[in-house]
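A short worksheet on the structure shown next.
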Amino acid sequence: MVAWAKEGHEAAFRELIRRYERPVFALVYRMVRDRALAEDLAQETFIKVLNALASYNPDYKFSSWIFKIANNAAIDHLRKKDLDTLSLDGAPDADTPDALKATQLQIGTGGESPLDEVASRELGGAIERAIARLRPEYRACILLRFVEGYSYEEIADVMEIPLGTVKTYIHRARNELRQHLADRRPETPPAKAP
Amino acid sequence: MTDLTLQHLTTEELELWAQGLLGAARTMHLTECTLCLAEAEQERRMHLALAQLPLFAPRAGFADRVMAQVKVPKTSGGFQVS
Numbered sequence: 002m003v004a005w006a007k008e009g010h011e012a013a014f015r016e017l018i019r020r021y022e023r024p025v026f027a028l029v030y031r032m033v034r035d036r037a038l039a040e041d042l043a044q045e046t047f048i049k050v051l052n053a054l055a056s057y058n059p060d061y062k063f064s065s066w067i068f069k070i071a072n073n074a075a076i077d078h079l080r081k082k083d084l085d086t087l088s089l090d091g092a093p094d095a096d097t098p099d100a101l102k103a104t105q106l107q108i109g110t111g112g113e114s115p116l117d118e119v120a121s122r123e124l125g126g127a128i129e130r131a132i133a134r135l136r137p138e139y140r141a142c143i144l145l146r147f148v149e150g151y152s153y154e155e156i157a158d159v160m161e162i163p164l165g166t167v168k169t170y171i172h173r174a175r176n177e178l179r180q181h182l183a184d185r186r187p188e189t190p191p192a193k194a195p
Numbered sequence: 038m039t040d041l042t043l044q045h046l047t048t049e050e051l052e053l054w055a056q057g058l059l060g061a062a063r064t065m066h067l068t069e070c071t072l073c074l075a076e077a078e079q080e081r082r083m084h085l086a087l088a089q090l091p092l093f094a095p096r097a098g099f100a101d102r103v104m105a106q107v108k109v110p111k112t113s114g115g116f117q118v119s
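So the protein sequences, as listed, match chains A and B.
The opening position of the first sequence corresponds to residue 2 in my numbering, with each subsequent residue numbered one higher.
The opening position of the second sequence corresponds to residue 38 in my numbering, with each subsequent residue numbered one higher.
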């Protein structure tokens, strides 16, 4: 499909958009938690990728390339805006208990970014809230691993980080997610009135 | 010789178990280890929750909005604005 697009077939461009618009948008939306912004960033991603198609290396997975651009756009935005960086763990590179504690962020103290009505409804589930509480790098790893089904090696490629770092991020992120879900006991239905 | 059923499951094995891909020999460990069983149950809940995440899509007309800003190369070597 990419080769066909490189030959100048508009239909091939549209097919590439059709194939990837949902996963790219979903990744960006869960990263930035704002529908309009996610759409802008996803749009920028496609424009950037499709206009640079001539330089695409077919040895590299097209999906990895487009996710890399999308993830970078989302991470760059979050860094600029300093949004949603709450994490139960300390800094990813903290390697002692003291360093972890020093860099640990307290849930609730920073305040969550305001969500618009749609995002609040769509992203309001327990797992979505748990994902939102992860720091952006953890969030991207978890989404690529468990939603997109990427291997650890592919995630390392997309995020341009060492394989060991991917493993660390996913290990910490899954612990946070599991903890958050474990803390939420299933709601007991009210007893029936006699 | 090490008895596989006595070793705690690794993180990778817990993930495989949650996906139904862990071998029988290692799965047997869960019948004897309440610690790993609790971990495995947490892992399963997380996988289930992630598997049920809804699919999101951008607004209708996304492709048109993108294509309006993409230069489609001409087969002769130039570009055509779609």
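The C-beta atom is built at its ideal place from N, Cα and C for all residues, glycine as well.
Separation of residue j from residue i, as counted between CA atoms
i, j, result
"Pro-91 (chain B)", "Ala-6 (chain A)", "30 Å"
"Ala-13 (chain A)", "Val-3 (chain A)", "7 Å"
"Tyr-30 (chain A)", "Ala-39 (chain A)", "5 Å"
"Leu-42 (chain A)", "Glu-11 (chain A)", "22 Å"
"Glu-50 (chain B)", "Arg-146 (chain A)", "15 Å"
"Ile-128 (chain A)", "Ala-88 (chain B)", "10 Å"
"Val-33 (chain A)", "Gln-44 (chain B)", "41 Å"
"Arg-20 (chain A)", "Asn-52 (chain A)", "17 Å"
"Ala-62 (chain B)", "Leu-46 (chain B)", "11 Å"
"Phe-93 (chain B)", "Gly-126 (chain A)", "14 Å"
"Val-103 (chain B)", "Ile-48 (chain A)", "6 Å"
"Glu-161 (chain A)", "Ala-141 (chain A)", "12 Å"
"Cys-70 (chain B)", "Leu-178 (chain A)", "23 Å"
"Gln-180 (chain A)", "Tyr-153 (chain A)", "22 Å"
"Glu-80 (chain B)", "Pro-59 (chain A)", "36 Å"
"Arg-82 (chain B)", "Glu-52 (chain B)", "11 Å"
"Leu-135 (chain A)", "Leu-164 (chain A)", "19 Å"
"Leu-72 (chain B)", "Gln-44 (chain A)", "47 Å"
"Val-1 (chain A)", "Lys-81 (chain A)", "Look at the range of chain A in this structure, 2 to 195, and you will see that residue 1 (chain A) is not part of it."
"Glu-76 (chain B)", "Asn-176 (chain A)", "10 Å"
"Glu-78 (chain B)", "Val-50 (chain A)", "41 Å"
"Thr-169 (chain A)", "Leu-79 (chain A)", "21 Å"
"Ala-137 (chain B)", "Asp-35 (chain A)", "Here chain B has residues from 38 to 119 only, and residue 137 (chain B) is not among them."
Assumed close pair residue i, residue j - CB separation to whole angstroms, cut-off 8 Å
i, j, result
"Ala-105 (chain B)", "His-84 (chain B)", "Rounded, the Cβ-Cβ distance is 40 Å, inconsistent with contact."
"Pro-137 (chain A)", "Ile-76 (chain A)", "5 Å"
"Met-65 (chain B)", "Thr-42 (chain B)", "5 Å"
"Pro-95 (chain B)", "Glu-22 (chain A)", "6 Å"
Residue j beta carbon less than 8 Å from that of residue i
i, j, result
"Ile-70 (chain A)", "Ala-100 (chain B)", "no"
"Ile-143 (chain A)", "Ile-171 (chain A)", "yes"
"Leu-67 (chain B)", "Leu-74 (chain B)", "yes"
"Tyr-139 (chain A)", "Ala-174 (chain A)", "yes"
"Ala-9 (chain A)", "Lys-108 (chain B)", "According to the sequence shown, residue 9 (chain A) is Gly rather than Ala. Going by C-beta atoms, Gly-9 (chain A) is not nearer than 8 Å to Lys-108 (chain B)."
"Asp-158 (chain A)", "Ser-56 (chain A)", "no"
"Leu-182 (chain A)", "Ala-86 (chain B)", "yes"
"Asn-167 (chain A)", "Ile-156 (chain A)", "One detail in the question is off: residue 167 (chain A) reads as Val in this sequence, not Asn. In this structure, Ile-156 (chain A) lies closer than 8 Å to Val-167 (chain A) by Cβ."
"Thr-46 (chain A)", "Ala-74 (chain A)", "yes"
C-beta neighbour in chain B for residue i, strict 8 Å
i, result
"Asn-58 (chain A)", "no"
"Ala-27 (chain A)", "yes"
"His-78 (chain A)", "no"
"Leu-38 (chain A)", "no"
"Phe-68 (chain A)", "no"
"Arg-19 (chain A)", "yes"
"Phe-63 (chain A)", "no"
"Leu-182 (chain A)", "yes"
"Leu-89 (chain A)", "Bear in mind that a pLDDT of 42 at Leu-89 (chain A), under 50, signals an unreliable position, so the number given afterwards is only what the model happens to contain. No - not a single Cβ of chain B is within 8 Å of the one on Leu-89 (chain A)."
"Ile-156 (chain A)", "no"
"Arg-52 (chain A)", "First, the residue type needs correcting, since residue 52 (chain A) is Asn and not Arg in the sequence shown. For Asn-52 (chain A), the answer is yes, since a Cβ of chain B falls inside 8 Å of its Cβ."
"Arg-175 (chain A)", "yes"
"Lys-82 (chain A)", "no"
"Val-167 (chain A)", "no"
"Gly-150 (chain A)", "no"
"Tyr-170 (chain A)", "no"
"Arg-134 (chain A)", "no"
Short CB-CB distance (under 8 Å) between residue i and chain A
i, result
"Arg-63 (chain B)", "no"
"Ala-86 (chain B)", "yes"
"Gln-56 (chain B)", "no"
"Thr-48 (chain B)", "yes"
"Ala-97 (chain B)", "no"
"Cys-73 (chain B)", "no"
"Leu-120 (chain B)", "Outside the shown range of chain B (38 to 119) lies residue 120 (chain B), about which nothing can therefore be said."
"Ala-77 (chain B)", "no"
"Gln-106 (chain B)", "yes"
"Leu-59 (chain B)", "no"
"Leu-53 (chain B)", "no"
Heavy atom of the ligand SAM within 7 Å of residue i beta-carbon
i, result
"Lys-111 (chain B)", "Absence of the ligand SAM is noted for the structure shown, with no ligands found whatsoever."
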